[in-house]
């Protein structure tokens, strides 16, 4: 159930003291009542949870609701804070007192996931998510020798605050003690010999680990370590946009690169050639896959780390952003017994995510599903997934030949790259297999002409291709700071919207890291092959002609779909202009 936005104010540094003075005057509400008022749960769900609690009275209501999947832990902890009348704190803009930080060690803060904020009337004010964690409160009280005043903050914000006020300071002190190489004046072999030694030193190990975890907690899809002439720039790609994070000392670069090579089992002694590797790490109980690319540049080796968060990267069809009408059409396509369904778009447009969502939907049936990918990004229990290995001449065509002998019902091909792969995919579709794959084209009709350019005969296309989905990713407006958007007349004219029509965007707040956006969704056009389009599949046909026919057959264009999302306030018109022009 969708929760209603809470109206309780978020406290900053200036007003937290006043909030602490008045918090006990707030009327107390039980957790269940509070969750009902916030529309987090329904009366029926509360009654069901209370019935369960009567059978197991030792269990708390919040634990039962979380275990039943009725409410998230975050919603429950926030409701508890409201029930207790505790202030809710915005940590990003909070000026934490050094005297308060000195009362709690870094180790204790990490163990209990708390951050001390200030001293208030002989009380130590501590931000935490679970205000009923009595073990944490009693331990902090014993260690600090002060009464603890708990206030609520979100778990992600607490982790970032710990990283900023404890981890970062510890790292800086430790890094200052390292004997860094003089990048400009020492012999190159000596620089890298020292780098290999420093890569296993505690400060470098901690620095690389903190960069990885910080990027994960910021929902970054990629980490960029970009060497310059005097500094090394650290950037995160969040919601498709690169964001500057911090500057690193130039002398740290060899040691950081060496540490990353060690993690990904790359050749630590090779600095002249590009290298690609992979690694895996845990964030709590969540498995994170890392894909590493290192290339030599003018000022040192440049590193890009792609983050695949297996706990958050997968999506269901409902999360892609389909309209009700198009979801029915797309579901019909993926439930057919044979044919080719293509997902197209530029690199980074979410094609693989959509294919995985389709496979998860198909996997509900008793089917033999085989995939061939480069690389295998997410692992599924009920599918056979094959990783191609070009180094030993095991590519898409070689894998597909063997797949056809493995009695598949559904075949997913990571990408159709060449004529041979394309022809085998067509033959597979014509022999009774459903084939899902991706292709690099700008729109849906362009996929048809692209296949003909790759050597597929038009009569084979008519019988094999059942549909094409072209998509782009646009950033979602942050729901916490949405306001009316100011739009240039030129943008309105290019997108064909009226001069007086209102659109909205995020202003920027603590919830969206002051970007105005949080998360992404797909905008798309879905072409379903019908008789009119099949008749158009002739040698030399232009994609513009196919587009006219597809629009007449009911296809909504990518631009029209995107503008419709902006009209629903899901994204901004400026974001649509950036993505589809």
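Residue numbers (this note's numbering): 1038 to 1618. Every residue gets a Cβ at the ideal spot worked out from N, C-alpha and C, and that includes glycine.
Beta-carbon contacts of residue i that lie in its chain and below 8 Å, excluding the five residues immediately before and after
{"i": "residue 1345", "result": "1325, 1326, 1327, 1328, 1414, 1415"}
For residue i, the nearest candidate out of the options (CA to CA)
{"i": "residue 1342", "options": "1335, 1320, 1302, 1297", "result": "1297"}
{"i": "residue 1423", "options": "1451, 1555, 1103, 1242", "result": "1451"}
{"i": "residue 1568", "options": "1590, 1585, 1559", "result": "1590"}
{"i": "residue 1077", "options": "1242, 1114, 1306, 1174", "result": "1114"}
{"i": "residue 1352", "options": "1107, 1556, 1459", "result": "1556"}
{"i": "residue 1165", "options": "1383, 1275, 1617, 1195", "result": "1195"}
{"i": "residue 1549", "options": "1518, 1522, 1148", "result": "1518"}
{"i": "residue 1508", "options": "1409, 1609, 1150, 1484", "result": "1484"}
{"i": "residue 1382", "options": "1190, 1073, 1193, 1561", "result": "1561"}
{"i": "residue 1117", "options": "1466, 1535, 1102", "result": "1102"}
{"i": "residue 1231", "options": "1427, 1292, 1307, 1269", "result": "1292"}
{"i": "residue 1189", "options": "1178, 1089, 1181, 1170", "result": "1170"}
{"i": "residue 1482", "options": "1470, 1505, 1497", "result": "1505"}
{"i": "residue 1269", "options": "1241, 1246, 1093, 1339", "result": "1339"}
{"i": "residue 1149", "options": "1085, 1579, 1199", "result": "1199"}
{"i": "residue 1241", "options": "1330, 1308, 1300", "result": "1300"}
{"i": "residue 1273", "options": "1254, 1266, 1288, 1267", "result": "1254"}
Under 8 Å between C-beta atoms of residue i and residue j
{"i": "residue 1260", "j": "residue 1252", "result": "yes"}
{"i": "residue 1599", "j": "residue 1511", "result": "yes"}
{"i": "residue 1611", "j": "residue 1544", "result": "no"}
{"i": "residue 1154", "j": "residue 1136", "result": "no"}
{"i": "residue 1571", "j": "residue 1460", "result": "no"}
{"i": "residue 1186", "j": "residue 1162", "result": "yes"}
{"i": "residue 1264", "j": "residue 1290", "result": "yes"}
{"i": "residue 1486", "j": "residue 1583", "result": "yes"}
Buried or exposed by the 16-neighbour rule on C-beta atoms within 10 Å, applied to residue i
{"i": "residue 1184", "result": "exposed"}
{"i": "residue 1365", "result": "exposed"}
{"i": "residue 1323", "result": "exposed"}
{"i": "residue 1317", "result": "exposed"}
{"i": "residue 1385", "result": "exposed"}
{"i": "residue 1396", "result": "buried"}
{"i": "residue 1539", "result": "exposed"}
{"i": "residue 1109", "result": "exposed"}
{"i": "residue 1470", "result": "buried"}
{"i": "residue 1221", "result": "Note on residue 1221: pLDDT 44, under 50, position unreliable in the model; no value is reported."}
{"i": "residue 1515", "result": "buried"}
{"i": "residue 1087", "result": "exposed"}
{"i": "residue 1308", "result": "buried"}
Residue i - DSSP class collapsed to helix/strand/coil
{"i": "residue 1082", "result": "helix"}
{"i": "residue 1393", "result": "helix"}
{"i": "residue 1416", "result": "coil"}
{"i": "residue 1474", "result": "strand"}
{"i": "residue 997", "result": "An answer regarding residue 997 cannot be provided, because it is not within the stretch 1038 to 1618 covered by the chain."}
{"i": "residue 1339", "result": "strand"}
{"i": "residue 1447", "result": "strand"}
{"i": "residue 1614", "result": "helix"}
{"i": "residue 1409", "result": "strand"}
{"i": "residue 1359", "result": "coil"}
{"i": "residue 1096", "result": "coil"}
Contacts around residue i, its chain only, beta-carbon distance under 6 Å, and the 5 residues preceding and following it disregarded
{"i": "residue 1492", "result": "1456"}
{"i": "residue 1390", "result": "1352"}
{"i": "residue 1141", "result": "1153"}
{"i": "residue 1192", "result": "1166"}
Residues near residue i in its chain [Cβ-Cβ closer than 7 Å; skip 5 each side]
{"i": "residue 1495", "result": "1489, 1574, 1575, 1576"}
{"i": "residue 1138", "result": "1153, 1202"}
{"i": "residue 1302", "result": "1314"}
{"i": "residue 1551", "result": "1545"}
{"i": "residue 1090", "result": "1096, 1098, 1101"}
{"i": "residue 1466", "result": "1375, 1376, 1377, 1472, 1501"}
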